[in-house]
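For reference, the structure discussed in these notes is given below.
2 protein chains.
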Amino acid sequence: MISRSPDLFNFRGVVSPRHLRSFHHRHHPPPPPAPTMSDLRPPEHQVAGHRASADKLGPLVDGSGLFYKPLQAGDRGEHERAFYEAFSAHAAVPPRIRDAFFPRFHGTRLLPTQARPRDPHPHLVLDDLLAGLRAPSVADIKIGAITWPPSSPEPYVAKCLAKDRGTTSVLLGFRVSGVRVVAPGGAVWRPERQELKELDTAGVRRVLRRYVSSAPGEGADCALAAAVYGGEGGVLSQLRELKAWFEEQTLFHFYSASILLGYDANAVSATGVGGGVRVKLVDFAHVAEGDGVIDHNFLGGLCSLIKFISDIVSEAPETPPLAP
Amino acid sequence: MISRSPDLFNFRGVVSPRHLRSFHHRHHPPPPPAPTMSDLRPPEHQVAGHRASADKLGPLVDGSGLFYKPLQAGDRGEHERAFYEAFSAHAAVPPRIRDAFFPRFHGTRLLPTQARPRDPHPHLVLDDLLAGLRAPSVADIKIGAITWPPSSPEPYVAKCLAKDRGTTSVLLGFRVSGVRVVAPGGAVWRPERQELKELDTAGVRRVLRRYVSSAPGEGADCALAAAVYGGEGGVLSQLRELKAWFEEQTLFHFYSASILLGYDANAVSATGVGGGVRVKLVDFAHVAEGDGVIDHNFLGGLCSLIKFISDIVSEAPETPPLAP
Numbered sequence: 001m002i003s004r005s006p007d008l009f010n011f012r013g014v015v016s017p018r019h020l021r022s023f024h025h026r027h028h029p030p031p032p033p034a035p036t037m038s039d040l041r042p043p044e045h046q047v048a049g050h051r052a053s054a055d056k057l058g059p060l061v062d063g064s065g066l067f068y069k070p071l072q073a074g075d076r077g078e079h080e081r082a083f084y085e086a087f088s089a090h091a092a093v094p095p096r097i098r099d100a101f102f103p104r105f106h107g108t109r110l111l112p113t114q115a116r117p118r119d120p121h122p123h124l125v126l127d128d129l130l131a132g133l134r135a136p137s138v139a140d141i142k143i144g145a146i147t148w149p150p151s152s153p154e155p156y157v158a159k160c161l162a163k164d165r166g167t168t169s170v171l172l173g174f175r176v177s178g179v180r181v182v183a184p185g186g187a188v189w190r191p192e193r194q195e196l197k198e199l200d201t202a203g204v205r206r207v208l209r210r211y212v213s214s215a216p217g218e219g220a221d222c223a224l225a226a227a228v229y230g231g232e233g234g235v236l237s238q239l240r241e242l243k244a245w246f247e248e249q250t251l252f253h254f255y256s257a258s259i260l261l262g263y264d265a266n267a268v269s270a271t272g273v274g275g276g277v278r279v280k281l282v283d284f285a286h287v288a289e290g291d292g293v294i295d296h297n298f299l300g301g302l303c304s305l306i307k308f309i310s311d312i313v314s315e316a317p318e319t320p321p322l323a324p
Numbered sequence: 001m002i003s004r005s006p007d008l009f010n011f012r013g014v015v016s017p018r019h020l021r022s023f024h025h026r027h028h029p030p031p032p033p034a035p036t037m038s039d040l041r042p043p044e045h046q047v048a049g050h051r052a053s054a055d056k057l058g059p060l061v062d063g064s065g066l067f068y069k070p071l072q073a074g075d076r077g078e079h080e081r082a083f084y085e086a087f088s089a090h091a092a093v094p095p096r097i098r099d100a101f102f103p104r105f106h107g108t109r110l111l112p113t114q115a116r117p118r119d120p121h122p123h124l125v126l127d128d129l130l131a132g133l134r135a136p137s138v139a140d141i142k143i144g145a146i147t148w149p150p151s152s153p154e155p156y157v158a159k160c161l162a163k164d165r166g167t168t169s170v171l172l173g174f175r176v177s178g179v180r181v182v183a184p185g186g187a188v189w190r191p192e193r194q195e196l197k198e199l200d201t202a203g204v205r206r207v208l209r210r211y212v213s214s215a216p217g218e219g220a221d222c223a224l225a226a227a228v229y230g231g232e233g234g235v236l237s238q239l240r241e242l243k244a245w246f247e248e249q250t251l252f253h254f255y256s257a258s259i260l261l262g263y264d265a266n267a268v269s270a271t272g273v274g275g276g277v278r279v280k281l282v283d284f285a286h287v288a289e290g291d292g293v294i295d296h297n298f299l300g301g302l303c304s305l306i307k308f309i310s311d312i313v314s315e316a317p318e319t320p321p322l323a324p
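Residue numbers (full-length UniProt numbering), protein chains in the order written: chain B, 1 to 324; chain C, 1 to 324.
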């Protein structure tokens with residue numbers, strides 16, 4: 001949306017996307033053998049975006065740790081690819097940040113799909129961020145009060161602004177785009193997209209509480225708040241590490257990107273640690289160059305999310321309720 | 001703009017503005033005697049907003065430390081008064097924050113003015129934030145990528161958004177609304193409002209450098225950066241204290257408010273401290289209730305301003321250039 005040039009991320013000191021590709025291939029192990037159509041399936045835990053089907057492109061996983069995201073139509077797909085290529089090789093991105101908070105990028109690949117079996121479509125090959133979680137509880141949270149890059153054309157701004165005002169984005173600096181919570185018995189709570197769009201402040205708070213409740217029904221007990229949100233390696237400590245980077249980084253502005261939260265409902269323990277808590281950034285079709293300015297829009301939303309989550313940790317029972 | 005009710009700031013646990021007034025009068029010393037029209041004059045150092053004249057209302061000072069701000073037309077004036085009344089008495093505002101970063105509110109007063117000598121107009125009576133500075137160098141920086149409260153009506157949003165996109169607000173999270181720099185010899189640099197509106201990122205950086213330069217011409221030397229921006233009690237340390245409060249406070253959202261910077265160009269020393277550096281919040285006609293959510297919009301812009309200023313401090317000469 002913000003540039004028609006594939007050289008968008010041709011930063012000073014960073015080679016162009018075309019060169020990045022050869023750079024990438026020179027320094028990384030060769031990509032794994034191409035999966036066949038029968039290896040691939042829509043991810044079970046997908047909570048936002050289009051789901052792959054007979055008539056729609058959507059993300060696919062191969063069950064061995066890779067995630068295939070179809071390049072989006074128009075400039076968006078190329079834009080997201082250019083971001084991944086520039087970001088993967090950018091000398092000013094701390095390796096710890098790249099490894100901890102971003103999916104690893106393995107290039108692009110043409111894949112036949114159920115929707116278009118004879119017309120292979122380019123896919124970004126990324127790490128499957130939820131690989132290894134047996135019962136993934138997932139939340140997709142779109143960050144920022146503003147979801148449109150400043151240089152966007154007027155009709156796009158108007159369209160985004162209407163969504164940002166109609167959801168909690170403008171008010172809270174973020175909105176919940178998707179959520180899936182697995183209860184200990186295996187029951188899944190997964191509200192409809194429309195229900196999420198209509199959430200107000202109290203509703204967002206309720207969803208973020210149910211995300212860490214052992215029985216994710218209406219009466220959220222927040223029994224997992226300490227294990228998932230709090231403590232060492234929990235969501236809060238990861239978000240605070242990300243915040244420290246956003247207070248300094250002036251490379252990229254992450255318009256309309258999401259923070260993906262994940263943990264393993266089977267492994268998490270109400271009494272302490274475990275559960276493979278993950279905090280990752282995803283969806284980079286609208287990233288803009290930072291040009292020496294911090295991403296105050298993402299940072300503000302991130303701080304707001306941190307406040308919501310730290311309030312839940314403070315209010316949660318210090319010792320979880322006894323099992324019945 | 002966001003409420004037609006004078007009870008806007010009728011927070012839980014806080015009495016209504018009407019009650020606040022009596023609370024205020026009970027606990028504060030009685031206001032000083034009313035100034036006469038001849039005591040009052042437009043502040044010499046005013047850098048933003050309308051200047052009081054024969055045909056316009058504008059702020060006035062009395063030379064003894066008070067600043068009189070005419071209540072704005074429509075709801076804005078009443079809204080700003082309601083904010084000051086609620087804020088002055090709010091038990092959850094730390095006294096240190098109120099005293100360090102906000103003008104003290106002394107109630108309202110009907111004053112005859114040059115513009116309307118026979119029709120006294122209500123004025124907010126506030127501390128003159130720049131009292132005591134012999135040669136005030138001043139900057140007015142409007143904070144936030146979004147300057148309209150979320151509940152504003154459509155035409156107001158469109159009007160603000162056009163300004164926010166046309167200036168640096170959306171891109172940087174703030175814009176410079178006014179600046180006045182006094183050189184050691186007394187010469188004043190005070191760019192026109194239109195010039196400030198047209199600033200791009202590089203221009204904002206240049207203005208923030210010239211603000212701390214001993215010769216505020218084009219060749220900014222940033223000789224005062226360490227004294228004014230850096231060090232103990234400098235702008236940066238004050239902004240960081242403010243930031244810590246904004247990471248926690250969920251009482252108010254300060255849409256379209258400004259940070260006012262001030263120092264005494266006669267007293268500041270390029271070699272160290274001094275200069276009475278001031279960092280204050282002003283302009284509260286569009287403050288909204290926080291309702292338990294942090295002001296991510298103000299916080300993001302504040303963090304962006306902090307990054308700009310800390311970059312200038314890092315780049316400035318550690319030892320100032322020798323005097324010629």
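Note that CB positions come from ideal geometry on N, CA and C, so glycine has one too. On a predicted model such as this, the values are computed, not experimentally measured, just so you know.
Rank the options by C-alpha distance to the C-alpha of residue i and give the top, closest one.
i: B/Arg180; options: B/Ala135, B/Ala223, B/Lys197 and B/Thr147; result: B/Ala135
i: C/Lys307; options: C/Ala86, C/Ala226 and C/Leu239; result: C/Leu239
i: C/Lys142; options: C/Glu232, C/Gly132, C/Gly234 and C/Cys160; result: C/Cys160
i: B/Asp291; options: B/Pro120, B/Phe252 and B/Ala220; result: B/Phe252
i: B/Thr250; options: B/Pro94, B/Arg81, B/Phe174 and B/Gly203; result: B/Pro94
What is the DSSP secondary structure of residue i, reduced to helix, strand or coil?
i: C/Asp119; result: coil
i: B/Thr147; result: coil
i: C/Phe298; result: helix
i: C/Val268; result: coil
i: C/Pro317; result: coil
i: B/Val235; result: helix
i: B/Arg165; result: helix
i: B/Pro95; result: helix
i: B/Phe87; result: helix
i: C/Leu308; result: Per the sequence shown, residue 308 of chain C should be read as Phe rather than Leu. Looking at C/Phe308 - three-state DSSP - the assignment turns out to be helix.
Tell me residue i's beta-bridge partners as DSSP assigns them.
i: C/Ile259; result: C/Ile141 and C/Leu281
i: B/Trp189; result: B/Val181
i: B/Tyr68; result: B/Leu60 and B/Val125
i: C/Ser53; result: C/Lys56
i: C/Ala288; result: C/His253
i: B/Arg109; result: B/His123
i: B/Pro155; result: None, per the DSSP bridge assignment.
i: residue 326 of chain B; result: Shown here, chain B extends from 1 to 324; a query on residue 326 of chain B therefore has no answer.
i: C/Val176; result: C/Ile141
Does any residue of chain B have a CB that is nearer than 7 angstroms to the CB of residue i?
i: C/Val293; result: yes
i: C/Leu172; result: yes
i: C/Glu241; result: no
i: C/His296; result: yes
i: C/Ser169; result: no
i: C/Gly300; result: yes
i: C/Lys69; result: no
i: C/Phe11; result: Below a pLDDT of 50, predicted positions are generally treated as unreliable, and C/Phe11, at 43, falls in that range; no measurement from the model is reported.
Among the residues of its own chain, which have a CB less than 7 angstroms from the CB of residue i, if the five just before and after it don't count?
i: C/Tyr211; result: Ser137, Ala139, Val179 and Val181
i: C/Ala131; result: Gly65
i: C/Arg209; result: Ala220, Cys222 and Ile312
i: C/Ala316; result: Cys222, Ala225 and Ala226
i: C/Ile97; result: Trp245
Report all residues from its chain with a CB closer than 8 angstroms to the CB of residue i; omit the five preceding and five following residues, and keep chain order.
i: C/Gln114; result: Met37, Ala52, Ser53 and Ala54
i: B/Pro42; result: Arg51, Ala52, Ser53, Gly58, Pro59, Leu60 and Val61
i: B/His25; result: Note that B/His25 has pLDDT 38, beneath the 50 cutoff, so the model's placement of it is unreliable and the number below is only indicative. Result list for B/His25: Gly107, in chain order.
i: B/Thr147; result: Cys160, Lys163, Asp164, Ser169, Tyr255, Ser256 and His286
Once the 5 residues before and after residue i are set aside, which same chain residues still bring their CB inside 6 angstroms of it?
i: B/Val104; result: The amino acid occupying residue 104 of chain B in the given sequence is Arg; Val does not appear at that position. So the list reads Asp127, once near-sequence residues are dropped.
i: C/Phe102; result: Leu281
i: C/Leu196; result: Val176
Does chain C have any CB closer than 7 angstroms to the CB of residue i?
i: B/Lys197; result: no
i: B/Cys160; result: no
i: B/Pro150; result: yes
i: B/Ala145; result: yes
i: B/Cys303; result: yes
i: B/Glu247; result: yes
i: B/Lys56; result: no
i: B/Lys307; result: yes
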